[in-house]
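A.B. asks: Per the numbering used here, the sequence shown starts with residue 350, numbered consecutively.
All residues carry an ideal CB built from backbone N, CA and C; glycine is no exception.
Sharing a structure with you now.
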Amino acid sequence: METVGILGGTGPAGRGVAIRLASCGYDVVLGSRDAARASDIAKGIAPRGDGTVRGATNEDAAQCGLVVVATPWDSAVATVSALRAHLSGKTVISMVNALSREGRELVPLYPARGSMAAQIAFALPDSTIVGAFHHLPAAQMEDLDSGLDADVVIFSDNDPARQRVGELVSQMPGLKGVVAGSMSLASPIEAFTAVCISINIRHKAHSYVKLAGLSH
Ligand SMILES: NC(=O)c1ccc[n+]([C@@H]2O[C@H](COP(=O)([O-])OP(=O)(O)OC[C@H]3O[C@@H](n4cnc5c(N)ncnc54)[C@H](OP(=O)(O)O)[C@@H]3O)[C@@H](O)[C@H]2O)c1
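Next up, the structure:
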C-alpha cells in the first residue's frame, strides 16, 4: 500500500488523519519542522491495523506517494512552496481552512484566490490538488472509539484524483468520502468549517457533517 505524508502532521488535525489512515493499512509519515518532535508524537499514536505512523521532516513526508497539507493556513503556502520539487506530479490533499476567531465564533477568511486550496494550487502548478477533511473535529478523529460516523466532502478539478481520494477516505474507519465537485466549491466548503466550529463552541459539542439523502 502506498505511503501518505502529512505536512504539519504533528498537530491534532494531522494526527487524527494519520491514526485513521494507519488503521486501514497505510504507512504514514508525520512531517514536521522538527523530526525529533514528530518522532516523539508518532510514538504516542496507536493505530489499529497493519499500518504504521512514523515521524520525520516535512521534506521526508513530501516524498510519499500521496501528501496531505495540515499546517495552519498562514504557513501552508510557504510550506508547500519550499517542497514544490518533491510534490511535483503528485496528488496533494489540502485540509487547510483559513479562519479567524471573533469572540465565541470562528469566521472564514477569504484568501486572494478565494480558498486555501486555490492558494496551494497556485503555489504547486505541477501537482494535482484535492480538498478533503475540512469539517472533521480532530479530537474525534484521534479517538478511534469516539463513534465518529462522518461524511468527508471532497473537491478537485481532476476527476481521477478526487475519485481516488474519495475511495481512500471511505477506507478510513468512521469516514465516508463524498465527491462534491470541482475546485470552484473550495471556498464554500472551507468557509463552512467556520459554521461547524462555531456550532461546536456554542453548543459545547463535537458535531460533524453527515449528509442526509445519499443512497451510496
Ligand atoms: N484541528 C481540527 O479539528 C481541524 C480539522 C480539519 C481541518 N483542520 C485544518 O488543518 C490544519 C491544521 O490544524 P491543527 O489544528 O492541527 O493546527 P496546528 O496544531 O496549529 O498546526 C499543525 C502543525 O503545523 C506545524 N506548524 C505550525 N506553525 C507552522 C509554521 N509557521 N510553519 C510551518 N509549520 C507550522 C506544526 O508542526 P511542527 O511544529 O511539528 O512543524 C503544527 O504541529 C489547519 O489548516 C486547520 O484549519 C483542522
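1. In the structure shown, what three-state DSSP assignment does Ala-327 receive?
2. Looking only at its own chain, which residues have a Cβ that is under 7 Å from the Cβ of Ala-371, when we skip the five neighbours before and after it?
3. Would you call Leu-459 buried or exposed, if buried means 16 or more other Cβ atoms sit within 10 Å of its Cβ?
4. Which residues neighbour ligand 1 when neighbourhood means a C-beta less than 6 Å away from any of its non-hydrogen atoms? List them by chain order.
5. Helix, strand or coil, according to DSSP, for Ile-442 in the structure here?
6. Would you call Gly-357 buried or exposed, if buried means 16 or more other Cβ atoms sit within 10 Å of its Cβ?
7. Is the region 373-393 touching the region 492-508, taking contact as three or more C-beta pairs under 8 Å?
8. Count the other C-beta atoms from every protein chain shown that fall within 10 angstroms of the C-beta of Met-444, then say buried if there are 16 or more, exposed otherwise.
9. Apply the 10 Å Cβ neighbour rule to His-552 and answer buried if 16 or more other Cβ atoms are within range, or exposed otherwise.
10. Short of 8 Å in beta carbon distance, which residues of its chain neighbour Leu-315, apart from the five on each side in sequence? Order them along the chain.
11. Alpha carbon to alpha carbon, how far is Asp-409 from Ala-315? Give it in angstroms, no decimals.
12. Distance check for Phe-482 and Ser-430, CA to CA, integer angstroms please.
13. My output table needs one value for Leu-517: the three-state DSSP class, helix, strand or coil.
C.D. replies: For this structure:
1. Absent from the structure is residue 327, since the part of the chain shown begins at 350 and ends at 565.
2. Position 22 of the sequence shown, counted from the first residue, corresponds to residue 371. Excluding sequence positions up to five before and after Ala-371, its CB lies within less than 7 Å of the CB of Val-377, Pro-396, Gly-398, Gly-400, Thr-401 and Val-402, all in the same chain and listed in chain order.
3. Indexing the sequence shown from 1 puts residue 459 at position 110. In the sequence as presented, Leu is not what sits at residue 459; that position holds Tyr. It is exposed - the Cβ of Tyr-459 has fewer than 16 other Cβ atoms within 10 Å.
4. By the rule of a C-beta closer than 6 Å to any heavy atom of ligand 1, the residues picked out are Gly-357, Thr-359, Gly-360, Pro-361, Ala-362, Gly-363, Ser-381, Arg-382, Asp-383, Arg-386, Ala-387, Ala-419, Thr-420, Pro-421, Trp-422, Ser-424, Thr-428, Met-444, Val-445, Asn-446, Phe-482, His-483, Leu-485, Pro-486 and Ala-487.
5. Start at 1 with the first residue of the sequence shown, and residue 442 comes out as number 93. DSSP places Ile-442 in strand when its eight states are reduced to three.
6. Against the sequence shown, residue 357 aligns to sequence position 8. Flag for Gly-357 reads buried.
7. Flag = no, the region 373-393 and the region 492-508 do not touch.
8. Position 95 of the sequence shown, counted from the start, is the residue given in the question as residue 444. Burial is judged here by how many other beta carbons sit within 10 angstroms of a residue's own beta carbon; Met-444 has at least 16 and is buried.
9. Position 203 of the sequence shown, counted from the start, is the residue given in the question as residue 552. By the neighbour-count rule (16 or more Cβ atoms within 10 Å), His-552 is not buried but exposed.
10. Since the first and last residues shown for the chain are 350 and 565, residue 315 lies out of range.
11. Missing from the structure shown is residue 315; the chain here goes from 350 to 565 and no further.
12. Within the sequence shown, numbered from 1, the residue matching residue 430 stands at position 81. Within the sequence shown, numbered from 1, the residue matching residue 482 stands at position 133. Separation of Ser-430 and Phe-482 (C-alpha to C-alpha, rounded to the nearest whole angstrom) is 21 Å.
13. For the purposes of this step, residue 517 is taken as the residue at position 168 of the sequence shown. Helix at Leu-517.
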